[in-house]
Every structure is written in C-alpha cells, then in structure tokens.
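S.K.: I have a structure here, written as structure tokens, and I will follow up with some questions on it.
Protein chains in written order, with the UniProt record's numbering: chain D, 1 to 345; chain S, 1 to 345.
Written out as structure tokens, the structure reads:
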C-alpha cells in the first residue's frame with residue numbers, strides 16, 4: 001500500500017468503527033436498498049485539495065430535487081466479478097462507470113473474492129442533464145448501510161459518499177445541504193449536513209440543451225483548471241464568500257441575493273474552465289441562447305437566475321409566481337423546460 | 001481644473017514641448033491628413049490603472065492589418081462647433097462618437113472658440129467587427145501632427161493616441177507593436193513601439209458573427225470587471241507573462257506558442273468578463289459555434305487559433321499553408337470568413 005492507500009484505508013476503518021454491526025463487512029440481509037436525490041449546487045465545488053480522500057478546495061451548498069435521483073439495490077453474490085446494471089442494462093466490466101463503482105466497492109469486501117450485484121436505476125426526466133454520480137454514490141452508500149446494517153448517521157454516510165464522488169456528499173439529504181470544506185488532513189470533517197429551511201415557492205427550471213457525452217469529465221476538468229488556470233487562484237476566496245452569502249440568503253428568505261450569487265458563482269466557475277488550457281468550454285450555442293433569454297427576462301423584471309454545472313444545461317432558479325411567464329418565454333423560443341418544486345415534491 | 005485635469009494638461013503640454021512648431025497650436029496648413037491601420041491584440045489590454053491618463057494595468061502586443069483602418073482629414077474652421085462626419089455622413093453634436101472626439105480635440109484648440117471639421121473614413125471589410133476607435137484615434141493624432149507640423153516621433157504620437165483610446169497607441173505602426181505598461185505616474189513611459197519582425201506566411205482570418213452594437217462599451221466593461229470580478233486579481237500577472245511569451249514566440253517564429261498563448265489570453269480576458277457582475281458576455285451562440293469549429297480543426301491537426309476582443313467576432317491566427325482548409329471548413333458551416341496577410345498587404 002502506498003501512502004494514499006494507507007490514508008484511504010484509515011479513513012474507511014474510522015468510519016466503520018461506529019457501525020452497529022460489530023463485523024461491519026458481514027452482510028446482515030440478502031439485499032440492501034438505497035435511494036437518493038440529485039442535487040444542484042448553488043455555490044459550486046470545483047477543485048480538490050486532496051485527491052486521495054476527495055477533499056474540496058472550498059465548501060458548497062446545494063438544493064436536492066426530490067423525485068429525481070437514483071435507486072440502488074445491492075446483493076452479495078458468489079461470483080468472480082461484480083455484476084452491475086444501469087437502468088436494467090448490464091454493463092461491461094470495463095465500462096468506466098462500472099470500473100469506478102467496483103473500485104469503490106473494493107473497500108467493502110470481506111474477502112477479495114466476494115462480489116456484488118448492483119442494480120442502479122436513475123429516475124431523471126427527459127429535460128435533465130443532471131449529474132447522476134451524486135445521487136448514484138449517495139444511493140449506493142445508503143444501500144451499503146442497509147445491507148451491512150451499520151445504522152450510521154447521515155453525516156457519516158455523507159463522508160463515505162464524498163469518498164465515492166464529491167458532490168454525492170450533499171445527496172444524502174432533501175432540501176438545502178451544506179458540504180463543509182473541513183480542514184482536517186484525515187478528511188473526517190468534510191461532510192454535508194442539512195440546512196433546515198423550507199422554501200415552498202422556490203421553483204427550479206430544468207432547461208434541456210444537450211444530453212450528449214461531456215467532452216471532459218469533471219474530475220479531469222478540475223485538475224486541468226487547478227494546474228493551468230491563473231484566474232483560479234482567486235476562486236477559493238470567492239467560493240467561500242459566495243457560500244456564506246447564499247447560506248445567509250436562504251436563512252433570511254432573500255431570493256434575489258440567493259439567485260444573483262448563485263448565477264455569479266456558476267459563471268465564475270465556468271470562467272475558470274474557460275481560462276484553462278486547453279480550454280474547457282461546456283457551453284453549447286444553445287446554452288448561450290438560454291442565458292440571453294434569462295437576462296432579457298430579468299430586464300423585463302421577471303426575476304429568474306440560472307446556474308450551470310460541468311455540462312451545457314441551465315438550471316433556473318425562480319419563484320412560483322413567475323413560473324408561467326418563464327415557461328411561456330422558453331416555449332416561444334422553442335427551448336425545452338421542465339419545472340420542479342424542491343419543497344412540495 | 002481638478003487634479004485629473006491638471007495631470008492631463010501637464011501630459012499634453014509635455015508632449016507638445018518637443019514639437020518642431022514653436023507655437024504648436026497654430027495650424028501650419030489648411031488641412032491635416034492621417035491614416036492608420038486597425039490592430040488585433042495578441043495579448044489583451046483589459047483594465048486601466050489610471051483613468052485620467054488612460055494607463056493600462058498591463059502591457060499588450062498586437063498585429064496591425066494594413067489596408068484596414070481609418071483615414072482622417074482635419075481642418076480648422078470658423079464655427080461655433082466642430083463638424084464631424086463618419087464615412088461621409090455628418091454626425092449630430094451629441095452623438096457619443098462626436099462628443100468624445102470633440103472633448104479630445106479640446107486639448108488642441110488655441111482658442112476655445114476655434115473649431116475643427118473632421119472627416120473620418122473607415123475602410124473596414126464586410127466581415128469585420130474590428131474596433132475602429134484604435135485606428136480612429138491613431139489617424140486623428142497623425143492628422144493633428146500634419147496640421148500643426150509638430151513632426152513628433154511615432155512613439156510620442158503613440159502616447160497622444162493612447163490618451164484618446166488605449167488600443168490606439170498600437171495603431172501608429174504596421175506589423176507587430178508592443179504597448180508598454182510603463183510605471184511612471186505621469187504616463188510618459190506607456191507608449192507603443194514596433195517589434196521589427198516580418199512574418200510573411202502569417203494569415204489572419206476575420207470571422208463575421210455579428211456587427212450589431214456592443215451591449216457594454218469596453219471602457220465601462222473594464223471598470224465593471226476591475227470592481228466586481230474576484231478572478232480579475234490574477235489577470236495582471238497572466239497578462240504580463242503572456243505578453244513576454246508572445247514577444248519571444250514572435251522573435252523566434254514559433255507559430256504554435258504564439259497561437260496557443262494568444263487564444264488562452266483572449267479566453268482568459270473573456271473569462272474575467274463572464275465572472276463580472278452583472279455578467280459581461282460578448283459571445284453570441286454563433287461565436288461558440290465558430291470556436292468549436294476551430295477546436296475541431298485543431299483535432300484534425302490543422303493548426304488554427306483564435307482571439308476575440310470586446311465583441312462577438314473571432315479573429316483567426318493561421319499559417320498560409322492551412323488557409324484553404326480553414327476556408328473550406330468555415331464555408332461548409334456557412335460561417336463568413338475573410339483572410340488578410342499582415343506582411344504582404
């Protein structure tokens with residue numbers, strides 16, 4: 001084991017210590033089940049300070065979309081290799097998704113010969129472009145907790161989900177969730193927890209631009225940015241300040257501040273990608289058309305903001321009172337849009 | 001006079017001291033004429049460190065496009081107000097262009113009652129989107145030098161042109177020009193000078209996306225970026241490094257390094273605009289389509305790079321050997337393109 005692997009093993013060992021199951025790698029039932037929502041970051045995670053433990057350079061805050069996400073069923077099986085299926089279709093062992101998942105599951109095999117059957121179903125609507133790795137690793141960790149009867153608190157499961165995929169740490173919760181940057185070298189203080197605020201008229205618009213394969217995966221993209229983008233030097237300070245501004249705006253029900261800060265934060269993250277070499281531009285021509293439409297709606301005093309992740313789709317933030325006007329504007333331009341209500345799902 | 005006006009007056013007084021005309025505000029002929037080319041910055045100017053004297057936060061380097069630019073004729077007239085025409089059409093006194101030009105001419109009136117007739121002709125091709133203020137103020141300064149018979153060296157005229165419009169400092173020269181950042185508070189060391197390198201097979205492609213009015217003028221845009229963009233903090237260091245890299249690449253005829261650095265520099269400048277609040281996005285959907293085409297050509301080993309200024313158009317950098325392939329690709333996508341050869345015009 002190299003040093004990274006030792007730190008990873010120590011991290012997992014520490015988490016499993018508080019399991020209610022005294023032999024935490026012995027299954028307690030035939031099948032574990034977990035479900036988790038996708039989440040949209042209002043202030044973004046972009047850049048790792050520690051690759052081995054998946055620790056972020058900055059904290060982030062998100063809103064989960066109940067009803068959209070992943071359901072995962074996990075069974076120990078007698079086989080040489082894991083059997084992984086996605087939406088009912090078996091995946092080849094060497095599929096990127098399957099390889100990454102099997103490597104994650106390696107930490108939870110009692111014996112290296114033991115294998116798992118993993119059935120993953122994503123419930124993502126047509127107008128989506130939502131990252132499924134967040135809900136995927138959160139659901140998997142919940143399925144592990146169920147299978148092994150660990151009965152771990154959600155914050156501990158969040159640490160485990162983070163180890164699989166950073167943004168998955170936030171998908172353990174409904175509503176708003178804050179993923180703390182943390183400062184410990186062992187990564188034990190970088191978990192997410194819910195922000196207990198309900199916001200019934202908050203509405204999310206999912207704008208469909210493109211569901212094709214991303215040109216650059218987000219892990220590789222982050223690394224390229226950290227290594228080649230001068231402008232990224234100022235990102236951590238902006239990210240931490242935006243995070244605090246958004247948390248305060250959520251607590252005080254200040255939609256304008258939340259929306260503005262989220263849009264500025266997303267555009268700034270994309271700016272660091274654009275200023276990377278080679279450039280990382282997730283935007284498509286249609287993304288720009290949709291942004292221009294959002295800006296023109298704001299000029300007409302319809303208060304709508306957008307955020308974007310490592311892909312071409314826009315996620316709109318609006319209030320229920322403006323939904324009809326926003327829907328009409330997008331439909332008139334022939335741009336597909338679907339609406340969701342995070343607090344009345 | 002406030003302090004800014006005193007500094008401006010001292011700046012102009014100093015420049016006119018070395019005039020061959022002992023009364024430098026007395027016209028020596030009936031009409032002064034000046035012509036100057038437009039220029040494309042390979043490393044960009046974005047942000048002023050001194051607004052009163054138009055001093056840049058960073059140096060820049062450009063290539064002029066001979067044959068494209070401005071011709072200006074300047075006559076002293078007996079009138080209450082300046083008479084300014086652009087491409088043969090008289091402009092209203094309160095037109096932004098005319099007001100700015102008259103304010104600049106105020107520094108050169110012997111008597112506040114004296115007025116000028118200014119005939120400005122821009123020779124810009126259909127597929128342009130090239131800033132005419134650079135060639136415009138350079139041509140005007142040459143016309144002033146002619147009218148008043150100052151016989152000032154080009155570097156001094158460059159200082160004067162900078163005072164009218166930053167990038168105009170570089171339009172006094174054909175070929176490559178370096179605008180030095182300078183460090184003096186009186187602004188006397190922030191002028192442009194030519195870089196004496198010929199590059200016969202260097203080809204510029206002008207991609208036409210949109211010639212509409214800019215949503216935000218570049219002076220206002222710069223100021224907004226300096227004030228609200230966290231990421232801008234790292235811009236000056238990148239700009240100075242890119243400037244040096246490009247100068248060295250020009251001297252060693254290293255097209256790849258020049259092209260890469262110019263594209264990265266332009267994208268980084270646009271990134272600081274995108275990360276400004278409210279966002280400044282000069283890109284149009286068609287700009288992104290053209291960028292994607294450039295990147296796909298590079299994947300096919302056709303070495304072409306782009307740069308962009310405060311507008312939606314792309315300017316391509318390529319070598320003559322690749323012109324036909326680039327032309328074909330753009331024509332196939334229905335994107336207008338024109339080619340120019342800075343060293344064989």
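Ideal placement from N, C-alpha and C gives every residue a C-beta, glycine not left out.
1. If contact is defined by three or more beta carbon pairs under 8 Å, each pair taking one atom from either stretch, is the region 50 to 65 of chain D in contact with the region 179 to 191 of chain D?
2. Alpha carbon to alpha carbon, what distance is there between residue 317 of chain S and residue 106 of chain S?
3. Determine the chain S residues that contact residue 291 of chain D at a beta-carbon separation under 9 Å, and present them in chain order.
4. Would you check if the distance between the CB atom of residue 32 of chain S and the CB atom of residue 74 of chain S is smaller than 7 Å?
5. Is the region 69 to 85 of chain S touching the region 108 to 119 of chain S in the sense that three or more CB pairs, one from each, lie closer than 8 Å?
6. Can you tell me which of D:239, D:150, D:263 and D:224 puts its alpha carbon nearest to the alpha carbon of residue 12 of chain D?
7. My output table needs one value for residue 126 of chain S: the three-state DSSP class, helix, strand or coil.
8. Going along the chain, which residues of its own chain have a beta-carbon closer than 6 Å to the beta-carbon of residue 298 of chain D, five neighbours each way excluded?
9. In whole angstroms, what is the alpha-carbon distance linking residue 266 of chain D and residue 6 of chain D?
10. Under 7 Å, Cβ to Cβ, is there at least one residue of chain D near residue 336 of chain S?
11. Tell me the DSSP bridge mates of residue 35 of chain D?
12. Could you name the residues of the region 223 to 235 of chain D whose beta carbon sits closer than 9 Å to any beta carbon of chain S, in the order they occur along the chain?
13. Count the C-beta pairs between the region 221 to 236 of chain D and the region 224 to 239 of chain S that are closer than 8 Å, then say yes if the count reaches three, no if not.
14. Need the endpoints of the beta strand (DSSP E) that residue 348 of chain S sits in, please.
15. Check this for me: beta carbons of residue 152 of chain D and residue 145 of chain D, under 7 Å apart or not?
16. Cβ of residue 332 of chain D less than 7 Å from any chain S Cβ?
17. With a threshold of 7 Å between beta carbons, is residue 285 of chain S in contact with chain D?
18. What does a CB cutoff of less than 7 Å around residue 2 of chain D pick up in its chain, not counting 5 residues either side in sequence?
19. When you compare only the Cα positions, how much space is there between residue 254 of chain S and residue 217 of chain S?
20. Please report whether the beta-carbon of residue 268 of chain S lies at a distance below 7 Å from any beta-carbon of chain D.
21. Per the contact definition of three or more C-beta pairs closer than 8 Å, is the region 153 to 165 of chain D in contact with the region 9 to 29 of chain D?
22. Classify residue 9 of chain D as buried or exposed, calling it buried when 16 or more other Cβ atoms lie within 10 Å of its own Cβ.
23. Could you tell me the distance, in whole angstroms, from the CA atom of residue 93 of chain S to the CA atom of residue 87 of chain S?
24. Distance, Cα to Cα, residue 292 of chain D vs residue 141 of chain S?
25. Mind the definition here: the region 263 to 280 of chain S touches the region 237 to 246 of chain S only if three or more C-beta pairs lie below 8 Å; say whether that holds.
26. Of all Cβ atoms in chain D, is any one closer than 7 Å to the Cβ of residue 238 of chain S?
27. Quick one: is residue 127 of chain S near chain D, going by C-beta distance under 7 Å?
28. What are the complete beta strand (DSSP E) segments, minimum 3 residues, inside the region 55 to 108 of chain S?
29. Hey, residue 138 of chain D and residue 171 of chain D are a contact pair by Cβ (cut 8 Å); roughly how many whole angstroms apart?
30. Using a C-beta to C-beta distance shorter than 8 Å, which residues of chain S count as neighbours of residue 274 of chain D?
31. Report the CB separation of residue 134 of chain D from residue 79 of chain D in whole angstroms; it is logged as a contact under 8 Å.
32. Just reading off the beta strand (DSSP E) that residue 110 of chain S is part of, what are its end residues?
33. What residues in the region 301 to 323 of chain D bring their beta carbon closer than 9 Å to a beta carbon of chain S?
34. Which whole runs of the beta strand (DSSP E) in the region 156 to 185 of chain D are 3 residues long or more, in chain order?
35. What residues of chain S sit near residue 195 of chain D, judged by a beta carbon separation below 8 Å?
36. Name, in chain order, the residues that DSSP records as bridge partners for residue 115 of chain D.
M.R.: In terms of the structure at hand:
1. yes
2. 39 Å
3. Annotation: Cβ neighbours of residue 291 of chain D in chain S (cutoff 9 Å, chain order): 279 and 281.
4. yes
5. yes
6. D:150
7. Caution is warranted here: a pLDDT of 41 is assigned to residue 126 of chain S, below 50, making its placement in the model unreliable, and the coordinate value is therefore given only provisionally. Here residue 126 of chain S sits in coil by DSSP.
8. none
9. 35 Å
10. no
11. D:71
12. 228, 229, 230, 231, 232, 233, 234 and 235
13. yes
14. The structure shown has nothing for residue 348 of chain S, since chain S only spans 1 to 345.
15. yes
16. Contacts with chain S at 7 Å (Cβ-Cβ) do not include residue 332 of chain D.
17. It does: the Cβ of residue 285 of chain S has a partner Cβ on chain D nearer than 7 Å.
18. none
19. 34 Å
20. yes
21. Counting Cβ pairs under 8 Å, three or more are found: they touch.
22. exposed
23. 16 Å
24. About 39 Å.
25. yes
26. yes
27. Here the model assigns residue 127 of chain S a pLDDT of 40, short of 50, so the residue's position is not dependable and the matter cannot be decided.
28. 60 to 77 and 83 to 86
29. 4 Å
30. 267, 268, 270, 271 and 274
31. Contact flag wrong, Cβ pair sits at about 28 Å.
32. Note, residue 110 of chain S: premise wrong, no beta strand (DSSP E); not H, not E.
33. none
34. Qualifying beta strand (DSSP E) stretches, in chain order: 176 to 179.
35. Neighbours of residue 195 of chain D on chain S: none; closest Cβ ~24 Å, over 8 Å.
36. Partner residues in the beta bridge of residue 115 of chain D, as assigned by DSSP, are D:77.
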